[in-house]
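What follows is a set of notes on a single structure, which appears directly below.
Numbering (our numbering), first residue to last: 488 to 640.
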């Protein structure tokens, strides 16, 4: 075999190998995009609410949502949500120099509820919702949705 032919074969082998590497990189990127697509959907859903920042988290029976709204506005929206959902408010408290607020009471079905508001900054408030001892994710989401709706008004 001639030297030129040998160089040509080696050159073709390198091109084939580089194409294989490119496909490998493309496949790895596609894998990461697909596995993280769920997170993007949740973030988009939160952003679609208009006032929610990021995705809501349900951890240990408590649903947490961060809103781009000041404490007072979020407080009023939370009280309005409780009223709209026919919840009975039995306790309202302002703590830590207005950095934290609490709403407690009973749902229309008689379960205890607790809505905790925490001021992250003057324009950002975190709302945590717990229903009963162990939590009720569906009802907690209903409350958070009502709060988000009231914040849009």
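C-beta: ideal position from N, C-alpha, C; glycine also.
Inset, instruction - Just tell me which of 593, 569, 611 and 575 has its CA closest to the CA of residue 630. - result: 569
Inset, instruction - May I ask which residues mark the beginning and end of the alpha helix (DSSP H) holding residue 552? - result: No alpha helix (DSSP H) holds residue 552; the beta strand (DSSP E) holding it covers 549-554.
Legend entry - DSSP beta-bridge partners of residue 612: 554 and 606
Legend entry - Per-residue DSSP class, three states only, for residue 584: helix
Inset, instruction - List the endpoints of the continuous beta strand (DSSP E) containing residue 543. - result: 539-546
Legend entry - Nearest residue (CA-CA) to residue 598, options 619, 640 and 561: 619
Legend entry - Contact set for residue 632: own chain, Cβ-Cβ below 6 Å, skip 5 residues either direction: none
Inset, instruction - Can you tell me the Cβ-Cβ gap for residue 545 and residue 624, rounded? I've got them flagged as a contact below 8 Å. - result: 5 Å
Legend entry - Contact the stretch 574-592 vs the stretch 549-565: 3+ CB pairs below 8 Å: yes
Inset, instruction - Compare the C-alpha of residue 592 against each of 550, 634 and 603 and name the closest. - result: 603
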